[in-house]
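Per this note's numbering, residue 31 is the first one in the sequence shown, and the count goes up by one each step. Yeah, the Cβ is synthetic: ideal placement off N, Cα and C, and Gly gets one too. Since the structure is predicted, the reported quantities are computational estimates derived from the model, not experimental observations.
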Amino acid sequence: MERSGTGTHTQVRSPRIGLALATGAPEGAIYEIGALRALDEALDGVDFNNLFIYVGVSAGAFLCANLANDLTTAQMCRAIVSPEPGEHPFIPETFFTPHWKSYLRNTGKVPRLVAEALWDWLSRLGDRSLLESLLRLSRALPVGIFDNEPIRAYLQKIYNLKGRTDDFRKLGKRLVVVATDLDSGQAARFGEPGLDHVPISKAVQASGALPGLYSPVEIDGRHYVDGVLLKTLHASVALEAGADLLICVNPIVPVDTVHAVEARMMKKSKLFDLGLPTVLSQTFRTMVHSRLEVGMAAYDTRFKDSDVVLIEPRRDDYLMFFTNIFGFAERQAVCEYAYEATRRDLLERYDQLAPVLARHGVTLRRDVLTEKRNLWEQVKLDRDRVKVATSANPTVRRLDDALNRLERLLAQKEKEEDGPVVAPSAVAPLGEPFTVH
């Protein structure tokens, strides 16, 4: 808690805790869910469904929007492996439906483009080769391999259930979904004034439109693509908003194959031998992570009064790099691995992290981290507890939800009237960001 004011009037407010989740495609989202579940269990004083601000990019936007809409970390874990009633399963078809309409539409352009190419070549004989003229056929290539409309429809469906919303303005929480304006190359912060009229599901669809994988998303006459084109986390959005403590999860790190053969993940320790997709994956990961490191270092001088906790895989986390995420077993394995790895690393760094978190009223529970736990047993217990609480006294449950919404609205009104309260300086807050490997 922090106090400000003079005389007999003292204002007390809770620390402003934010969450920033990075890109990572579906497999990155699975990792983030496992890591978030581990954090949810281990951190006392953090309610992941009621944070000061959520900032999401691509897969991170998908999860931030879910959390802001009161989907719990346990629910998202169950959605990975459980098609049971009341859950919202993550299935490959939602994320990897071929964009057939785009293929058919672009195929229809081929005859015209061939005719134009031949005419261009014949009219400029000696000045241009036939191959150069035929390059215009590249316009017939689909802009995206997969259709991201099913992602939007999936989110729209679950956000329109009772007690949730697809409208930033009705959310009662500060959610920022970051995408890139394709025509200007500038960041678009959906959820902030001027872009808060866009449905949350549409904003998430735009934020995850990775060029080549998904088609750009048109909103109000402009086209948007993945926010990772500009920054990996866009953590500065939360820090600029006044977050005192920012929890960041980044699933994208380059792999180091030095011990991959020993771990029986590769026959040879050369990514080159695994072909173009693997080379492109490593290249993308290296670029994204390098930019993240530069951004983290810059926060040292820009946001001296805030603390950042960064959680990401280690470079020898081969399961993340080599797993086929299309199967249920693989998704379950990645989520469980992320959960266990995060618990282990939180415990290993307990002496570093506990004092930092304590400054913001958060307790890192050693007893939880040392206890032997199974992810799926824990999320099943969570579901059973919710069922008992809801069936035992639904009136109390509804009243509790209403009071929570009222509390958020009053806090927002108080912030607007009084302005931000400056947090006291922390000791070396960002010079050494705490990275959980």
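Asked: CA-to-CA distance, residue 257 to residue 483, given in whole angstroms; Found: One cannot answer for residue 483 here, as it falls past the ends of the chain, which runs 31 to 467.
Asked: Residues bridged to residue 393 (per DSSP); Found: 74
Asked: Coarse secondary structure for residue 176, derived from DSSP in three states; Found: strand
Asked: Bounding residues of the alpha helix (DSSP H) (the contiguous stretch that carries residue 230); Found: 230 to 237
Asked: Test: residue 269 CB closer than 8 angstroms to a CB of chain C; Found: No chain C appears in this structure, which consists of one protein chain only.
Asked: For residue 281, the three-state DSSP class (helix, strand or coil); Found: coil
Asked: Neighbourhood of residue 302 by C-beta distance below 7 angstroms, restricted to the same chain and skipping five residues each side; Found: 309
Asked: Residue 314 (DSSP reduced to helix, strand or coil); Found: helix
Asked: The segment 376 to 383 touching the segment 313 to 331, judged by at least three CB pairs closer than 8 angstroms; Found: no
Asked: Every unbroken beta strand (DSSP E) within the segment 75 to 105, with a cutoff of 3 residues, ordered by chain; Found: 83 to 87
Asked: Separation of residue 119 from residue 420, as counted between CA atoms; Found: Confidence at residue 420 is low in this model, with a pLDDT of 48, below 50, so its placement is unreliable and the value that follows should be read with caution. Their Cα atoms are separated by approximately 22 angstroms.
Asked: Sequence-distant residues of its chain with Cβ nearer than 6 angstroms to residue 105 (five each side left out); Found: none
Asked: Stretch pair the segment 81 to 93 + the segment 55 to 64: three plus CB contacts closer than 8 angstroms; Found: yes
Asked: C-beta atoms of residue 23 and residue 205 nearer than 8 angstroms; Found: In the structure as shown, the chain begins at 31 and stops at 467. Residue 23 is therefore absent and cannot be evaluated.
Asked: Residue 128 (DSSP reduced to helix, strand or coil); Found: strand
Asked: Residue 231 vs residue 196 beta-carbon contact at 8 angstroms; Found: yes
Asked: Cβ shell of residue 362 (< 7 angstroms), same chain only, five flanking positions each side left out; Found: 110 and 111
Asked: Three-way DSSP call (helix, strand, coil) for residue 422 in this model; Found: Note that residue 422 scores a pLDDT of 47, beneath 50, so its modelled location is shaky and nothing firm can be said.
Asked: N- and C-terminal bounds of the beta strand (DSSP E) containing residue 218; Found: 217 to 220
Asked: Own chain partners of residue 394 with C-beta closer than 7 angstroms, once the 5 adjacent residues on each side are dropped; Found: 72, 73, 376, 380, 383, 384 and 387
Asked: Cα-Cα separation between residue 369 and residue 193, rounded to whole angstroms; Found: 28 angstroms
Asked: Close Cβ partners of residue 279 (< 6 angstroms) along its chain, the five nearest in sequence each way excluded; Found: 51, 62, 65 and 341
Asked: Bounding residues of the beta strand (DSSP E) (the contiguous stretch that carries residue 206); Found: 205 to 211
Asked: Reduced DSSP category for residue 259 - H, G, I as helix; E, B as strand; rest coil; Found: helix
Asked: Residue 339 - containing alpha helix (DSSP H), residue span; Found: Per DSSP, residue 339 belongs to no alpha helix (DSSP H); it is in the beta strand (DSSP E), 337 to 341.
Asked: Closest residue to residue 314 among 399, 241 and 86 (Cα-Cα distance); Found: 241
Asked: 6 angstroms CB neighbourhood of residue 184 in its chain, flanking five on each side removed; Found: 124
Asked: Alpha helix (DSSP H) segment containing residue 270, residue limits; Found: 265 to 270
Asked: Residue span of the alpha helix (DSSP H) that contains residue 388, given as start and end; Found: 380 to 388
Asked: Inter-residue Cα distance where the pair is residue 259 and residue 211; Found: 10 angstroms
Asked: Span of the beta strand (DSSP E), counted from its first residue to its last, around residue 225; Found: First-last for residue 225: undefined, no H or E at that position.
Asked: For residue 50: DSSP bridge partner residues; Found: 85 and 278
Asked: Residue 407 versus residue 372: straight-line alpha-carbon distance, rounded; Found: 17 angstroms
Asked: Euclidean distance between Cα positions of residue 167 and residue 246; Found: Low per-residue confidence applies at residue 167: pLDDT is 45, beneath 50, and the placement is therefore not dependable enough to give any value.
Asked: Residue range of the beta strand (DSSP E) that includes residue 242; Found: 242 to 244
Asked: Residue 45 to residue 304 span [Cα, whole Å]; Found: 48 angstroms
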